[in-house]
Amino acid sequence: MTLTSIRVGVVTFPGSLDDDDAARAVRMAGGTAVSLWHGDADLRGVDAVVLPGGFSYGDYLRCGAIARFAPVMSVVIERAASGMPVLGICNGFQILCESGLLPGVLTRNDHRLFICRDQSLIVESTESSFTRDFSVGERIVIPVKNGEGCYVADDRVLDELEGEGRVVVRYADVNPNGSRRDIAGVRNAPGNVVGLMPHPEHAIESLTGASTDGLRFFTSALHGLVNA
Amino acid sequence: MARVVVDVMLKPEILDPQGRAVHQALDRLGLVGVAQVRQGKHFVIDIAGDVSGEQRVLLEQLCAELLSNPVIEDYRLVIEPESPDGGLAAPASGS
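Top to bottom, those sequences are chains A and B.
Here the first sequence stands for residues 1 to 228, numbered as in this note's numbering.
Here the second sequence stands for residues 1 to 95, numbered as in this note's numbering.
Listed below in structure tokens is the structure:
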């Protein structure tokens, strides 16, 4: 099995912004990107799915609240339960939380401002489909850009996440949005579903990104699938 | 016609930056003694005919799954029954 034979679906919802960048990151990582449409309950034979950033359905009601019920999500939720890798970035993370695939909710930034900056992060867990190419404790730089990126869950859930090593990345130096316990990304218990508030697809080339650290989230998934 | 009214509010322990911004504006505009402002959502759903028992169950479910997120929000669902003349029943109280 070769890397290019791995098909990674990128879902476009009405209001998605970063679907092209996510597809490009998949290609840069060596895989084949496949466009998926929110209205089709069909994953076109993909091996993994990326839910990209943006403002699906205008972020009406709550971020991700309407996207969660899109026809494509019924299949994503079903396949995620049987182990398919799913990465939600920013709005994608919000959709994963709303759909119940990940715990917690992303709420409005505590300082009320939309924030866009290159953000230092610490990788906390490599036990996920999207972080196996990192090492624990590694410091990386990935852009964040969000208005509602403040991760909230009750203490019991937060303790459980920390106890099980399910915090995947944590903000370093500064917490850009008030997220509880500086959480920037979490995973489900098996590790195939990951939600990230920062945007790895914007940090894949030195020409345009603050780093190329983001690429490894995508290569992690491809390497995991090719070795499976 | 029956009217279904759903109010959704952030749970008391959840930070409400929008409410805080409104609070600051009220202070600036001279309203004295504001202790707290919480901002929520108010849904008015008009349903043709009366609301069946089955629909009530579905409405409760949709309040918890779509209109609110129980992790951070509470909701209050009020179903105003159809009045005998086919219009909306007069509200129980009001100005």
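All residues carry an ideal CB built from backbone N, CA and C; glycine is no exception.
Small disclaimer: the values here were computed from a predicted structure and weren't measured.
When only Cα atoms are considered, P14/A and G33/B end up about 44 Å apart. Take V141/A, set aside five residues on each side of it, and the residues of its chain with a beta-carbon closer than 8 Å to its own are D118, Q119, S120, L121, A203, A210, S211, D213, in chain order. Residues of chain A whose Cβ lies closer than 9 Å to the Cβ of P17/B are, in chain order, T107, R108, N109, D110, H111, R112, C150, G178. Counting only the Cα atoms, P81/B lies some 42 Å from C90/A. At a cut-off of 8 Å between beta carbons, E162/A makes no contact with chain B.
Look at D155/A here: in three-state DSSP terms it is helix. Going by C-alpha positions, R132/A is about 53 Å away from R3/B. Interface annotation, A64/B: not in contact with chain A, CB-CB separation never under 8 Å. Just measuring C-alpha positions, the residue of L15/B, D50/B, C63/B sitting nearest V105/A is L15/B. Annotation: the continuous beta strand (DSSP E) that includes P143/A extends over 139 to 146. The distance from the Cβ of H199/A to that of G53/A is about 6 Å, consistent with a contact at the 8 Å cut-off.
For I77/A, there is no enclosing beta strand (DSSP E); the residue is found in the alpha helix (DSSP H) stretching over 71 to 81. DSSP places H38/A outside any beta strand (DSSP E), giving it a letter other than H or E. Annotated three-state conformation of C116/A is strand, per DSSP.
The Cβ-Cβ distance between V51/B and Q39/B does not fall below 8 Å. A21/B has a beta carbon lying within less than 8 Å of a beta carbon in chain A.
Membership of E98/A in any beta strand (DSSP E) is not indicated; the residue belongs instead to the alpha helix (DSSP H) covering 91 to 98. Taking one beta carbon from each stretch, the stretch 85 to 100 of chain A and the stretch 170 to 182 of chain A have fewer than 3 pairs nearer than 8 Å; the two do not touch. Its Cα nearest to that of V193/A, the residue L101/A stands out among S5/A, R24/A, Y57/A, L101/A. CA-to-CA, the gap between V44/B and G185/A works out to about 36 Å. Cβ neighbours of R27/A within its own chain (closer than 6 Å, five residues either side excluded): A33. Against R62/A, the close residues of chain B are N69, in the order they occur along the chain (beta-carbon pairs closer than 8 Å). In the DSSP assignment, E60/B falls outside any beta strand (DSSP E) and lies within the alpha helix (DSSP H) extending over 53 to 62.
Boundaries of the alpha helix (DSSP H) harbouring V226/A: 215 to 226, taken from the DSSP string. By the Cβ neighbour-count rule, C116/A is exposed, with fewer than 16 other Cβ atoms within 10 Å of its own. Secondary structure of M9/B (DSSP, three-state): strand.
In terms of Cβ geometry, R180/A and S128/A do not form a close pair [threshold 8 Å]. Comparing C-alpha distances from L161/A to each of V136/A, H223/A, L43/A, A189/A shows the shortest one belongs to A189/A. Counting every other CB atom within 10 Å of its CB across the protein chains shown gives E73/B a total of 16 or more, marking it as buried. In this model, L59/B and R68/A are separated by some 18 Å (Cα to Cα). Contact of I72/B with chain A is assigned, a C-beta pair being separated by under 8 Å. Taking a contact as a CB-CB distance under 8 Å, the pair G195/A and L36/A does not count as one, their CB atoms being some 18 Å apart.
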